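Colleague: If you read the sequence shown in our numbering, its first letter stands for residue 1106, the second for the next number, and so on.
We treat Cβ as the ideally placed atom computed from N, Cα and C, and that holds for glycine.
Source: prediction; values computed, not measured.
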Amino acid sequence: MPANPYASYRDTAVLSATPAQLVTMLYDRLLLDLRTAHAALGTGNDAEATYRLGHAGDIVATLADSLDVSKWDGANDLLGVYLYTAQGIISATASRNPDTVLECITLLEPLRVSWHEAASTLARQPEWDVPAAAGADQAVYAVA
């Protein structure tokens, strides 16, 4: 039996996920970290807030680094959202201002919902229905 069954389950879920599912997982964890940091700042739990904001910053960096701006016209705009969010996380970490974290949450939550909708649509779309010019994996990699 593995030392940590939860870690094994998580690792298997990540390794077997489609690109669209990976993006939704990142967004889900990003928003969880930001909400937890917001609550921690509100209660004065600086250690928890710092940890969660740091992890959220790592996720935003991963999303920004994996974005291929040459594959989609709106990619530069999405990159701008990621850079703005990264700056907000840095500012919230320094200022301990929960309103800055709330601004990041408000900005990212609609994107999280949209990614879930897109992933659901891709999961329901048969492979033969994907346009020949952009395979199913390319459609997601273009914006992931």
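Which runs of the alpha helix (DSSP H) fall wholly inside the stretch 1137-1191 and span at least 4 residues, in chain order?
Modeller: DSSP runs (the alpha helix (DSSP H)) wholly in the stretch 1137-1191: 1151-1171.
Colleague: Is the Cβ-Cβ distance between T1143 and L1207 less than 8 Å?
Modeller: According to the sequence shown, residue 1143 is His rather than Thr. In contact: H1143 and L1207 (Cβ atoms closer than 8 Å).
Colleague: Taking one C-beta from the stretch 1154-1170 and one from the stretch 1219-1228 each time, how about it: are there three or more such pairs within less than 8 Å?
Modeller: With the cut-off at 8 Å, the stretch 1154-1170 and the stretch 1219-1228 do not touch.
Colleague: Would you mind working out which of R1140, S1219, H1221 sits nearest A1161, comparing C-alpha positions?
Modeller: Looking at the Cα atoms, R1140 is the closest of the given residues.
Colleague: Measure the Cβ-Cβ separation of T1190 and S1196 and say whether it is below 8 Å.
Modeller: Contact flag unset, no.
Colleague: Once DSSP output is grouped into helix, strand and coil, what is the label at R1229?
Modeller: Correct three-state label for R1229: helix.
Colleague: With a threshold of 6 Å on Cβ separation, who are the neighbours of W1220 within its own chain once the five nearest residues in sequence on each side are excluded?
Modeller: Cβ neighbours of W1220 beyond the five flanking positions: V1128, T1129, Y1132.
Colleague: Can you list, in chain order, the residues of its chain whose CB lies under 6 Å from that of V1186, leaving out five sequence neighbours each side?
Modeller: Excluding positions up to five away in sequence, the list is empty.
Colleague: Ignore the nearest five residues each way along the sequence and tell me which others in D1138's own chain have a CB closer than 6 Å to its CB.
Modeller: R1157, H1160, A1161.
Colleague: Is the beta carbon of L1136 less than 8 Å from the beta carbon of I1210?
Modeller: Contact flag set, yes.
Colleague: Buried or exposed for G1193, going by 16 or more other Cβ atoms inside 10 Å?
Modeller: G1193 should be labelled buried.
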